[in-house]
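If you're matching positions, the sequence shown starts at 1 in full-length UniProt numbering and goes up one per residue.
Below is one structure, written out as structure tokens, with a few remarks after it.
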Amino acid sequence: MEKIVKKLESKGIRPTAMRLMTYRRLAQLNVAVSLGDLGKDFESSERSTLFRTMKTFEEKGIVHQIEDGTGIIKYALCEDNCECEVGNDLHLHFHCNSCGETVCLTEHKIPQINLPEGYVAEDINLVAKGVCEKCSNDLD
């Protein structure tokens, strides 16, 4: 838990009990998760507290949003030195059509995209869809 406290403090986030539990749960899941699904793990907490926690995490670069085509925004932990900005640290995401999980494939970076003059990218999201390793092994 001390490692999580240091991580949050290094990003200028006060390590409240809810923030510590939320970070730990995201690390345990190791997949992108919606606010609704994460809320099931914290049923005794106020939904607004969890929402504010995730917004703080996003603003401070602890998590990033993923739009995987399901219509539901999901969140995943950022890598340690991630900046989550267009042109920096952008990576591929994979959504499994079988189990519904979305994962970050951080080792597969999105190349720099040169837009025509006058166009300004504010967000880039690349999602591959198919069957994940776990589900494809279940098919064998």
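By construction, the Cβ of each residue, glycine as well, lies at the ideal position given by its N, Cα and C atoms.
Keep in mind it's a predicted model, so treat the numbers as computed, not measured.
### Query
Can you list, in chain order, the residues of its chain whose CB lies under 8 Å from that of residue 24, leaving out five sequence neighbours each side?
1 and 4
### residue 90 beta carbon near the ligand COA (any heavy atom closer than 6 Å)
Of ligands this structure carries none, so the ligand COA is not represented either.
### Task
Can you have a look at residue 75 and say buried or exposed, based on whether 16 or more other CB atoms are within 10 angstroms of its CB?
buried
### Range covered by the beta strand (DSSP E) that runs through residue 12
No beta strand (DSSP E) contains residue 12, which DSSP labels as neither H nor E.
### Message
My assumption, with CB atoms under 8 Å, is that residue 130 sits in contact with residue 60. Please give the rounded CB distance.
### Response
32 Å between Cβ atoms; not a contact.
#### Entry: Touching by the beta-carbon criterion (3+ pairs, under 8 Å), the region 116-124 and the region 96-105
no
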